[in-house]
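Chains A and B, in that order, are what the protein sequence lines are. Here my numbering is used: the first residue of the first sequence is 8, the next is one more, and so on. Here my numbering is used: the first residue of the second sequence is -19, the next is one more, and so on. In this text, a Cβ means the ideal position worked out from N, Cα and C, and glycines have one as well.
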Amino acid sequence: MAIIHVENLVKTYRVAERRPGIAGALAGLVRRHYREVRALDGVSFDIAPGELVGYIGPNGAGKSTTIKMLTGILVPTSGEVEVAELVPWENREVNAMNIGVVFGQRTQLWWALPLEESLRLIGRMYRMSEADFRRNLVMLTELLDMGSFLRTPVRQLSLGQRMRCDLAASLLHRPRILFLDEPTIGLDAVAKLAVRDFVRRLNRQQGVTVILTTHDMDDIEALCSRIIVINRGAILLDGTLADLRAQVSHDRHLIVDLADENGDVSDPDAVVFRRDGRRVHLRFDPERVPAATLIGRIAARHPIRDLYVENPPIEEIVSRLYAEEARSTGSARQAEGTQR
Amino acid sequence: MTAVLPLARTLKPYVALTGARFRVLLQYRAAALAGFGTQLFWGLIRVMIFEAFYRSTTVPQPMSYPQTVTYLWLIQAMLLLIPWSIDGELRAMIRSGGVAYELLRPADLYWFWYSRALAGRIAPVMLRCIPLFVIAGLFLGLQPPASVAAAAAWLLATGGAVLLSCAITNLLAISLMWTVAGDGAMRLLALMASLLSGSIVPLPFFPEWSQPILAFLPFRGLMDTPFRLYTGHLPPEQVFGVVGHQLAWTAALVLLGRWLLNRGTRRMVIQGG
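Take a look at the structure:
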């Protein structure tokens, strides 16, 4: 039984357009021109309890629009959504008890109040008893290592500390589902690791279902068992990381450190795509040439200090996926144009 | 007892929000001190104007001179009850999109904002009115309430004024959902509220023909009627009419506000993302 069910979700916005210049501004006072923008165009997916799903896509792809509809703060143009068997925007207040949300770019804490008071206020908003609040606060303080700044006003916290506090704030009422909208944005490496580690433990140990939107592919690699890639309001891919790699390309990278600074590497089955000093980056397709064969051939012909094989970084894969999609819709549009 | 508990549970988020906001606002002591100075200064000028007026006039006036001076000081003490501003925090939230978090709470948004408005009205008025009562009462001609009954009637009507003021404040906040930058409607309403509540010139001094209109409009319930109960210009038994007028308008404005807010959240595109 899915904990989140989304079917054929569509959201169109009407955007007021203004022609440039003073004349345009005046015309806009009399009659406005609207343009329809389709932010979501028939998105469907199901998420099972306990999944940790990465929801990724470029800016403006429709990620946040989806999250806002799942949390009940935005009403779709058409389509169905059920979150823990409720239609979020029709049962916004009940749905709120089931979910926790963190928008990485904003805080839900009160700048002027000490952290503990901010959290207590949030606990009361969820009508928690003092005993439940205490218990959860103690647990979250330990897990997120917040003990040293519980009494500090929120405005004095560093971004990394604040993000941990926002996580705590969203989990106080023990929601079954957690939405994280760019939870690591702007954080330094250590803080990112702390957030990831916490989210992973929350998911594994407490079975909280997590939906994560991010631009940081390391978040995805570290956390997500499943990813949904969205662009221009439609799903491009829904599967595992391996599925994503397989769909876009089978390419692997072979990185070779040459013994000789001015040496050169060439092979009929591999392409050099980057060179920094002694280090040469080659791209190859393991279905055409097995890695062992390629390494054997190169090592036999060139003096080599070191070498290793890696998967292309996920950023590259995703950007290729977007580019492919743009190309195919571009050509589809052209075809449409010639038909007319 | 069993009926009280669920009510307490229902009200918990709202009480908590008012309390927290109240505590934050009480921290703004410097602003209150500056406001106290300004209000004292304007109060003195007004009292002087009316003193000159009473000395030069030959016809009987609608209120006695001591009643007028007391009315003027009460204006200065309670000035921030006039709904001429929106909670700055709420305004920033609507602008930045942080309002999304408010919608994510298991609470009714209208009453949530109303709780905020309650704190936003009561805290600054309290900070300013207490020193003003002391100074104006000791040295500047503010008289005590006309009687014990008058004091009770005034307190009751002040409660009604707070409820009414918050209903208007909420309307202003809700209007921001349509015009993020537009303060136009807000300024107009604030101006109307300060003129028609009697905070510029006491309402009994308005021309005869305007009195029925003033009596109908909600704004007098913010200042005029509570103050006249205080001075005894309205007898204490009129408190029921006064509070009835305040509550009827409050109910009407709450209904209007809820209807607008419902429409607003349906069409709202939360900024950003």
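According to DSSP, residues forming a beta bridge with residue i
i: glycine 107 of chain A; result: A:Leu185
i: valine 278 of chain A; result: A:Arg290
i: tyrosine 41 of chain A; result: A:Ala23
i: tyrosine 315 of chain A; result: A:Ile262
i: glutamate 89 of chain A; result: A:His12
i: valine 50 of chain A; result: A:Leu16
i: valine 217 of chain A; result: A:Leu59 and A:Leu185
i: alanine 241 of chain A; result: A:Asn238
i: proline 121 of chain A; result: A:Pro160
i: aspartate 283 of chain A; result: A:Arg286
Residue interval of the alpha helix (DSSP H) (run including residue i)
i: arginine 96 of chain B; result: 89 to 119
i: valine 128 of chain B; result: 128 to 155
i: isoleucine 74 of chain A; result: 70 to 77
i: arginine 308 of chain A; result: 298 to 308
i: glycine 23 of chain B; result: 9 to 36
i: alanine 253 of chain A; result: 248 to 255
i: proline 192 of chain B; result: 191 to 196
i: glycine 164 of chain B; result: 164 to 176
i: arginine 171 of chain A; result: 166 to 178
i: valine 94 of chain A; result: Element bounds for valine 94 of chain A: n/a, residue is neither H nor E.
i: phenylalanine 207 of chain B; result: 204 to 211
Residue i burial status per 10 Å Cβ neighbour count (16 or more: buried)
i: serine 232 of chain A; result: exposed
i: phenylalanine 280 of chain A; result: exposed
i: asparagine 150 of chain B; result: buried
i: alanine 249 of chain A; result: exposed
i: valine 94 of chain A; result: exposed
i: tryptophan 229 of chain B; result: buried
i: serine 174 of chain B; result: buried
i: alanine 99 of chain B; result: buried
i: isoleucine 148 of chain B; result: buried
i: glutamine 213 of chain A; result: exposed
i: methionine 224 of chain A; result: buried
i: glycine 205 of chain A; result: The sequence shown places phenylalanine at residue 205 of chain A, rather than the glycine named in the question. When all chains shown are included, phenylalanine 205 of chain A counts as buried.
i: glutamate 137 of chain A; result: exposed
i: glutamate 343 of chain A; result: Residue placement at glutamate 343 of chain A cannot be trusted, given a pLDDT of 44 that sits under 50; what the coordinates show is reported in the next sentence. It is exposed - the Cβ of glutamate 343 of chain A has fewer than 16 other Cβ atoms within 10 Å.
i: glutamine 19 of chain B; result: buried
i: methionine 8 of chain A; result: exposed
Any C-beta of chain B under 7 Å from that of residue i
i: alanine 103 of chain A; result: yes
i: isoleucine 80 of chain A; result: yes
i: methionine 76 of chain A; result: no
i: methionine 132 of chain A; result: yes
i: leucine 219 of chain A; result: no
i: valine 108 of chain A; result: yes
i: leucine 151 of chain A; result: no
i: leucine 144 of chain A; result: no
i: glutamate 58 of chain A; result: no
i: arginine 113 of chain A; result: yes
i: leucine 357 of chain A; result: The requested residue 357 of chain A is not part of the displayed model; chain A covers only 8 to 347.
i: glutamate 100 of chain A; result: yes
The beta strand (DSSP E) enclosing residue i, as first and last residue numbers
i: tyrosine 62 of chain A; result: 59 to 63
i: valine 236 of chain A; result: 233 to 238
Test: residue i CB closer than 7 Å to a CB of chain A
i: glycine 121 of chain B; result: no
i: tyrosine 90 of chain B; result: no
i: glycine 78 of chain B; result: yes
i: tyrosine 81 of chain B; result: yes
i: glycine 253 of chain B; result: Annotation note: pLDDT 35 at glycine 253 of chain B (below 50); position unreliable, no value reported.
i: proline 42 of chain B; result: no
i: alanine -4 of chain B; result: yes
i: arginine 35 of chain B; result: no
i: leucine 20 of chain B; result: no
i: arginine 167 of chain B; result: no
i: leucine 241 of chain B; result: no
i: alanine 11 of chain B; result: no
i: arginine 85 of chain B; result: yes
i: lysine 104 of chain B; result: Per the sequence shown, the amino acid found at residue 104 of chain B is proline instead of lysine. With 7 Å as the cut-off, proline 104 of chain B does not count as an interface residue toward chain A.
i: arginine -11 of chain B; result: yes
i: proline -7 of chain B; result: yes
Under 8 Å from the C-beta of residue i: neighbouring residues of chain E
i: valine 4 of chain B; result: Given the protein chain composition of this structure (A and B), no chain E is represented.
Residue i CB to nearest heavy atom of the ligand MN below 6 Å
i: valine 101 of chain A; result: No copy of the ligand MN occurs in the structure displayed, which carries no ligand at all.
Query raised in the report: Three or more beta-carbon pairs under 8 Å between the stretch 216 to 225 of chain A and the stretch 67 to 86 of chain A, yes or no?
Result: yes
Query raised in the report: Does the pairing of the stretch 238 to 254 of chain A with the stretch 289 to 297 of chain A give three or more beta-carbon distances under 8 Å?
Result: no
Report task. Would you check if the stretch 138 to 156 of chain B and the stretch 47 to 67 of chain B touch, i.e. whether three or more CB-CB distances between them fall below 8 Å? Result -> yes
Report task. Kindly confirm or deny that the stretch 153 to 169 of chain A and the stretch 122 to 132 of chain A touch, where touching means at least three C-beta pairs closer than 8 Å. Result -> yes
Requested in this report: Determine contact between the stretch 325 to 336 of chain A and the stretch 260 to 275 of chain A, defined as no fewer than three beta-carbon pairs at a distance below 8 Å.
Outcome: no
Query - Three-pair Cβ contact test at 8 Å for the stretch 43 to 58 of chain B versus the stretch 98 to 115 of chain A - result: no
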